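Residue numbers (the working numbering): 14 to 349. Glycine included, C-beta positions come from ideal geometry on N, C-alpha and C. Model, not experiment: these values are computed from the prediction.
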């Protein structure tokens, strides 16, 4: 389809504005949500600008006719789909087929044949199994039925990967609640910039909604106990942020965000050894946040009276990782 050269020029001008003002924040949000490293952002930005440039050349008239909000929404959706297709999905483990091609309906790919739940098991009106009543009916211990059910859950694909996904979501919610409480109560040094207002009630609603994803099984007893504790709380005392963050890293120790906020909480409490220990744990996660780690270390140096060493640390880190905007903003804030 022929495109008007003037429309292409105007569409590309809109893209330059989007790339300078909107795309960096969009990429940071996608990176946080998809657990991508900050070091990948410059390459992602260049690749996305190429894809969006192609969109401008192919659909110039449509893009020019859109309102700014609609145009930006279009490009943000394209960016999210492209990042997922080319950077997130290739990292996911390959799906394992439930059975061999041509095998019987109940045949497993590997391992021994696991029994289906017998008809004698008691099902409640809401569809769940009543293990106590089933155990009485069959004359077997409840623990034995729980183990059988656990094996079936794993066989149906709702085991480790399913639990890991929801554990990560719960850790995010607990971390968000702790961060909102700490921001409300002070003790933090926040970098200049726009941010949402703390909303602990919304965070609590999110935690309560996550309860339904952890069914009663041996592998979920620990997380059910912790989520029940916070979902039923009506008062969050001064120690709540620390306990929330400790629960978050126990539930999902691979979260760099949870470890980062735990380090901040220790700094706010004056526990510098605890802050550095949390920093070391954060470094061991799959996608450590180098900028935040450096800021915590600099804060610890400052609290120990070594201001010059803290500034030098930030300068070295900013030179080493020029893509870390957080370090540049911190340097600008303290050096004027």
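In this structure, 280 is the residue among 330, 297, 322, 280 with its C-alpha nearest to the C-alpha of residue 309. Between residue 314 and residue 208, the alpha-carbon positions lie close to 27 Å from each other. Shown here for residue 261: same chain residues with a beta carbon closer than 6 Å to its own, the five before and five after excluded, namely 184, 187, 188, 271 in chain order. Excluding its 5 nearest sequence neighbours in each direction, residue 194 has C-beta neighbours in its own chain below 7 Å: 213, 249, 253, 254, listed in chain order. By the CB criterion at 8 Å, residue 73 and residue 21 fall inside the cutoff.
Secondary structure note for residue 209: it is in no alpha helix (DSSP H), with a DSSP letter that is neither H nor E.
For the set 68, 277, 332, 345, the Cα lying nearest the Cα of residue 316 is the one of 277.
If you look at residue 22, you'll find it in the alpha helix (DSSP H) that goes 18 to 34. Between residue 91 and residue 66, the C-beta gap is not smaller than 8 Å, which leaves the two residues out of contact.
Inter-residue distance for residue 205 and residue 38 is about 15 Å (C-alpha atoms, whole angstroms). Judged by beta-carbon spacing, residue 35 lies beyond the 8 Å limit of residue 93, meaning their Cβ atoms are not closer than that value. Residue 243 sits away from residue 258, with the two beta carbons spaced by 8 Å or more.
For residue 81, the uninterrupted alpha helix (DSSP H) segment begins and ends at 81 to 96. Along the segment 213 to 281, the alpha helix (DSSP H) occurs as fully enclosed runs of 4 or more residues at 213 to 223, 234 to 244, 253 to 264, 269 to 281, listed in sequence order.
Our two residues, residue 87 and residue 96, have alpha carbons roughly 14 Å apart in a direct line.
Rounded to whole angstroms, residue 81 and residue 292 show a C-alpha spacing of 41 Å.
Here the alpha carbon of residue 337 sits roughly 16 Å from the alpha carbon of residue 296. Between residue 327 and residue 346, the C-beta gap is not smaller than 8 Å, which leaves the two residues out of contact.
A direct Cα-Cα distance of roughly 47 Å separates residue 294 from residue 149. Between residue 192 and residue 274, the beta carbon gap of about 5 Å places them in contact (Cβ cut-off 8 Å). Membership of residue 283 in any alpha helix (DSSP H) is not indicated, and neither H nor E is assigned to it by DSSP. Within the same chain, 298, 299 come within 7 Å of residue 267 by CB-CB distance, once the 5 residues on both sides are set aside. With 16 or more other CB atoms across the displayed protein chains lying within 10 angstroms of its CB, residue 269 is buried. Between residue 49 and residue 100, the C-beta gap is smaller than 8 Å, which places the two residues in contact.
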